[in-house]
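> Sending over a structure as structure tokens; questions will come in a sec.
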Amino acid sequence: MRFIFKTDYNQDLRLLKHSGYWWSYGVLAAFLILAPFGLDNYLVSQLVFVFIYALVGVSLTILTGFTGQVSLGHAAFLAIGAYTAGFLQSLGVPFIIYFPAAAIVTGLVGMLVAIPALRLSGIYLVIATIAFAFIIEEVAARWEAVTHGNEGMRVRTLDVFGGNGVTLPRDEPGFYFLCLGILVLMVILALNLARSPTGRAFMAIRDSETAAKSMGVNLALYKVKSFTISAAITGMAGVLFAHKLSFISPEMFTLLLSLEFIMVIIIGGIIGLHGAVLGAIFIVMIDPFLTLLKDDVPGLVSSIALLFGAAQETAASIGAAVGNVGSAPGMKGALYGLIIIFFIIFEPYGLYGRWLKVKLYFQLFPLYKKATFKRQKTYVKSERNR
Amino acid sequence: MSLFQVDNISLHFGGLRAVDDVSFAVEKGEVFTIIGPNGAGKTSIFNLISRLYNPTAGTLTFEGQDITKLPPHEIATLGIARTFQNIELFENASVLANLLVGRHCHTTTNVLTELLFLPSVRKAELAHRRAVEQVIEFLGLQKYRDMLIAGLPYGVRKVCEVARALCTEPKLLLLDEPSSGLNVEETSDMAFWITDIKKELGITVLMVEHDMTLVNRVSDRVLALNYGKVLAGGTPAQVQSHPDVIAAYLGG
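Sequence order for the protein chains is A and B.
Sequential numbering of the first sequence, starting at 175, is according to this note's numbering.
Sequential numbering of the second sequence, starting at 24, is according to this note's numbering.
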């Protein structure tokens, strides 16, 4: 176990607390830099989706994880970012301008959404954000002059400065590194936020609004700030999303996408930014994993059956039955539901929480106590001031 | 002029008069205690002062300024800090983070510089940390510094509440039942700290308390309430021997 000898307050402000971090993040960086040249195209493309989902995960971690405001409307912010980019690109504006413009527009919309949302909390806020998402979906379908309605909109190849000077096609390493760079930048900004007064005010609002007020936190102002920052980051993700798919239409930005985003942080773990990335990996990689399962498991099962002495035909029919289950319609949705339920019951802090526990187990080995993470009985709080 | 003055304050919930025409003044540098049976309106007065409730009538004056209409988040900036009867700490944060929230009203940086963590933000953070460390040393919280509130025993949480309030560098400190739920030893520590807060830090204390031993040890003046009305005021001995107070506590 590592004990850090602290002699300076700056040590607590560092993002990389000790040399171990340099090693682990160094290895990760090396992998990510080499990945587009070593891995096959499909996996690299999935990695780009991981970055985009992680970006949304970071934005939701700020809003839900830090500030405690749950939103089921983030697909709408993604749509606003995507459509702003698509529309401005069609007017001939270069990426270097429309990327920040999309972030600002989405941030402003987030601010406008936050103002009526101030009076709501918990489940009512969730319903309000769902309503907002439906409104945006409908606007995207009807405002044909800008969005081309249900026909959808083509998004051309990303052109950084305009005039086809520097282009980043969606399947090439350039675009991969752009997404990676923006994700890393946003993670650093979010970490900076977490170690400064604004981030602490967010967390104060999450844990006790009454106490936050009494400590001088202007609740309305900070909730609006949180919504604005979160929406702006999602808007950036929307621009990248539009370019990655090169085509956007209203039916992409549905409630299901918002649900996927919430799953990213629930499965990844709501307690930190690691969770956003781990959750994004999980959600994006579950698709190829399920395909793999569908293709390979039936064969595997039937050969196991053969090994155990089943007749050739019985083995084949067992394999086919397993294949039928694997490719049954709605399988993905059912699996999503099961996973969410299991995580909420058994690991409310998600993959990242599980990782922390595994890490502690090895750090303390053989002295780890089973009861270390048993949930503490929390003291009854007064409901009087809420 | 008194540091803090309450004039004819009333708080009615429909027909219920939680606080009924109460007036008192707190002088600079004293420990002023409000006592009274359950439901007498003590905590309601605190919630009026920290502006969580709007008074039905009356005024609150702090350092000559009328604070009756201020929004709750501006109270801390003026120099009034409070603790809560039923601990309201930020449970999923460390003790250090909780105390740093106490520094919020002294924030000088804005969200854009914080996102970039410019050198000015780092400098401000280090200054906040130094101020917080002084409070940690004052209340002996060193070994709990990096622990989550959710994992701390009740007695330590109670001290953390006081610490967080002290981090705002208040002129007037409101303590809502500082000894509730504490054992005899912890209550005795609390009495020493309240005296130190008054003498060493020069902070005026307004306190609600049930434990009469603690009240007698630390208070300069006491105000007794019942059913939202003032029963008696004066030194601890005077108030305790007042016939109305005895009747309110013992019945009669």
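Glycine included, C-beta positions come from ideal geometry on N, C-alpha and C.
Keep in mind the model is a prediction, meaning the values are calculated, not measured.
Looking at ALA291 of chain A: is its Cβ nearer than 7 angstroms to the Cβ of ALA249 of chain A?
Position 117 of the first sequence holds residue 291 of chain A. Position 75 of the first sequence holds residue 249 of chain A. Against a cut-off of 7 angstroms, the Cβ pair of ALA249 of chain A and ALA291 of chain A comes out as no contact.
> Output yes if chain A places a C-beta closer than 7 angstroms to the C-beta of PRO19 of chain B; else output no.
Only positions 24 to 275 of chain B appear in this structure, which leaves residue 19 of chain B out of reach.
> How should SER198 of chain A be labelled, buried or exposed, when 16 other C-beta atoms within 10 angstroms of its C-beta is the threshold for buried?
On the first sequence, position 24 is the one that residue 198 of chain A refers to. It is exposed - the Cβ of SER198 of chain A has fewer than 16 other Cβ atoms within 10 Å.
> Hey, does PHE47 of chain B have any beta-carbon neighbour from chain A nearer than 7 angstroms?
Within the second sequence, residue 47 of chain B is the residue found at index 24, counting from 1. No - not a single Cβ of chain A is within 7 angstroms of the one on PHE47 of chain B.
> So which of A:GLN185, A:LEU541, A:LEU221 has the shortest CA-CA distance to MET459 of chain A?
Counted from its first residue, the first sequence places residue 459 of chain A at position 285. Taking only the C-alpha atoms, the option nearest MET459 of chain A is A:LEU221.
> Per DSSP, what kind of secondary structure is GLY81 of chain B in: helix, strand or coil?
Locating residue 81 of chain B in the second sequence gives position 58, where the first residue counts as 1. DSSP places GLY81 of chain B in strand when its eight states are reduced to three.
> CB-CB under 7 angstroms to ALA154 of chain B, same chain, minus the five flanking residues each way: which ones, in chain order?
Locating residue 154 of chain B in the second sequence gives position 131, counting from the first residue. ARG126, CYS190, listed in sequence order.
> Could you tell me if THR66 of chain B is buried or exposed, where buried requires 16 or more neighbouring beta carbons within 10 angstroms of its beta carbon?
Looking up residue 66 of chain B in the second sequence gives position 43. Buried is the call here.
> What are the residues of the segment 73 to 84 of chain B that lie near chain A, defined by any Cβ-Cβ distance shorter than 7 angstroms?
Result list: SER73, LEU75.
> Determine the burial state of GLU160 of chain B: buried for a count of at least 16 other Cβ atoms within 10 Å of its Cβ, exposed for fewer.
Start at 1 with the first residue of the second sequence, and residue 160 of chain B comes out as number 137. Answer is exposed; the Cβ neighbour count stays below 16.
> Identify whether ILE288 of chain B lies in helix, strand or coil by the three-state DSSP scheme.
Absent from the model: residue 288 of chain B. The displayed extent of chain B is 24 to 275, so no value can be given.
> Over what stretch of residues does the alpha helix (DSSP H) that includes LEU299 of chain A continue unbroken?
Taking the first residue of the first sequence as position 1, residue 299 of chain A is located at position 125. Taken as a continuous stretch (DSSP letters only), the alpha helix (DSSP H) holding LEU299 of chain A covers 297 to 316.
> Does PRO522 of chain A come within less than 7 angstroms of chain B when only Cβ atoms are used?
Counting from one through the first sequence, the residue named residue 522 of chain A turns up at place 348. By this cut-off, PRO522 of chain A is not an interface position.
> Please classify THR241 of chain A: does DSSP put it in a helix, a strand, or coil?
In the first sequence, the residue the question calls residue 241 of chain A occupies position 67. Of the three classes helix, strand and coil, the one that applies to THR241 of chain A here is coil, per DSSP.
> Between the Cα of GLU86 of chain B and those of B:VAL118, B:LEU139, B:LEU101, B:ASP243, spot the shortest distance and give me the residue it belongs to.
Residue mapping note: residue 86 of chain B aligns to position 63 of the second sequence, counting from 1. Checked all of B:VAL118, B:LEU139, B:LEU101, B:ASP243; the closest Cα to GLU86 of chain B is B:LEU101.
> Looking at chain A, is there any beta carbon in it that lies within less than 7 angstroms of the beta carbon of CYS128 of chain B?
Reading the second sequence from its first residue, position 105 is the one you call residue 128 of chain B. True, the Cβ-Cβ gap to chain A drops below 7 angstroms.
> If you follow the beta strand (DSSP E) that PHE269 of chain A is in, where does it begin and where does it stop?
The count along the first sequence starts at 1 and reaches residue 269 of chain A at position 95. Element bounds for PHE269 of chain A: not the beta strand (DSSP E) but the alpha helix (DSSP H), 269 to 291.
> Please report the straight-line C-alpha distance between LEU561 of chain A and PHE463 of chain A, rounded to a whole angstrom.
Residue 561 of chain A lies beyond the stretch modelled for chain A, which goes from 175 to 560, so this question has no answer here.
> Determine the DSSP secondary structure at GLN28 of chain B, reduced to helix, strand or coil.
Working through the second sequence from its first residue, we reach residue 28 of chain B at position 5. If DSSP states are grouped into helix, strand and coil, GLN28 of chain B belongs with the strands.
> Go through its chain and collect everything with a Cβ distance to LEU367 of chain A's Cβ below 6 angstroms, but skip five positions before and after it.
Here residue 367 of chain A is taken as the residue at index 193 of the first sequence, counted from 1. Contacts found: GLY373.
> Should TYR183 of chain A be flagged as near chain B, meaning a C-beta pair shorter than 7 angstroms?
Start at 1 with the first residue of the first sequence, and residue 183 of chain A comes out as number 9. So yes, TYR183 of chain A belongs to the interface.
> Quick one: which residues of the segment 357 to 375 of chain A get their C-beta closer than 7 angstroms to a C-beta of chain B? List them in chain order.
Cβ contacts with chain B come from LEU363, ASN366, LEU367, SER370, PRO371, THR372, ARG374, ALA375.
> From the DSSP output, read off the bridge partner residues of THR91 of chain B.
Translated into positions along the second sequence, residue 91 of chain B becomes position 68. BP columns for THR91 of chain B are empty, so no partner.
> Please report the Cβ distance between SER202 of chain B and THR56 of chain B, rounded to the nearest whole angstrom; I am assuming they are in contact, meaning their Cβ atoms lie under 8 angstroms.
Position 179 of the second sequence holds residue 202 of chain B. Position 33 of the second sequence holds residue 56 of chain B. The Cβ separation is near 11 angstroms, so there is no contact.
> So who's on the other strand from SER117 of chain B, going by DSSP bridges?
Working through the second sequence from its first residue, we reach residue 117 of chain B at position 94. In the DSSP output, where bridge partners are listed per residue, SER117 of chain B has B:LEU171.
> Looking at chain B, is there any beta carbon in it that lies within less than 7 angstroms of the beta carbon of VAL391 of chain A?
Translated into positions along the first sequence, residue 391 of chain A becomes position 217. Interface residue, yes.
> Does LYS191 of chain A come out as helix, strand or coil in the three-state DSSP assignment?
Against the first sequence, residue 191 of chain A aligns to sequence position 17. In the structure shown, LYS191 of chain A sits in coil (DSSP, three-state: anything other than H, G, I, E or B).
> Would you say MET377 of chain A lies against chain B (beta-carbon separation less than 7 angstroms)?
Counting from one through the first sequence, the residue named residue 377 of chain A turns up at place 203. Closer than 7 angstroms to some Cβ of chain B, the Cβ of MET377 of chain A qualifies, so yes.
> In whole angstroms, give me the CA-to-CA distance for VAL144 of chain B and LEU237 of chain A.
Translated into the one-based positions of the second sequence, residue 144 of chain B becomes position 121. Translated into the one-based positions of the first sequence, residue 237 of chain A becomes position 63. One C-alpha to the other measures close to 22 angstroms.
> Taking the beta strand (DSSP E) that ASP381 of chain A falls in, what are its first and last residues?
Within the first sequence, the letter at position 207 stands for residue 381 of chain A. First-last for ASP381 of chain A: 371 to 381, but that is the alpha helix (DSSP H), not the beta strand (DSSP E).
> Would you mind sorting HIS96 of chain B into buried or exposed? The rule is 16 or more other CB atoms within 10 Å of its CB.
Stepping through the second sequence from its first residue, residue 96 of chain B is reached at position 73. Burial call: buried.
> What alpha helix (DSSP H) runs, 4 residues minimum, are completely inside the segment 308 to 367 of chain A?
Listed in chain order, they are 318 to 321.
> Out of B:PRO94, B:ILE68, B:LEU75, B:ILE103, which has the shortest C-alpha to C-alpha gap to LYS51 of chain B?
Here residue 51 of chain B is taken as the residue at index 28 of the second sequence, counted from 1. Among B:PRO94, B:ILE68, B:LEU75, B:ILE103, the Cα nearest to that of LYS51 of chain B belongs to B:ILE103.
> Taking the alpha carbon of LYS191 of chain A as the reference point, which residue from A:ASN324, A:VAL283, A:GLU318, A:LEU365 has its own alpha carbon closest?
Sequence index remark: in the first sequence, residue 191 of chain A carries index 17 (1-based). The shortest C-alpha separation from LYS191 of chain A is found at A:LEU365.
> In its own chain, which residues sit with a C-beta less than 6 angstroms from the C-beta of ALA204 of chain A, not counting the 5 before and 5 after it?
For the purposes of this step, residue 204 of chain A is taken as the residue at position 30 of the first sequence. None.
> Alpha carbons only, please: which of A:THR465, A:HIS322, A:ILE310 is nearest the one belonging to GLY497 of chain A?
Counting from one through the first sequence, the residue named residue 497 of chain A turns up at place 323. Among A:THR465, A:HIS322, A:ILE310, the Cα nearest to that of GLY497 of chain A belongs to A:THR465.
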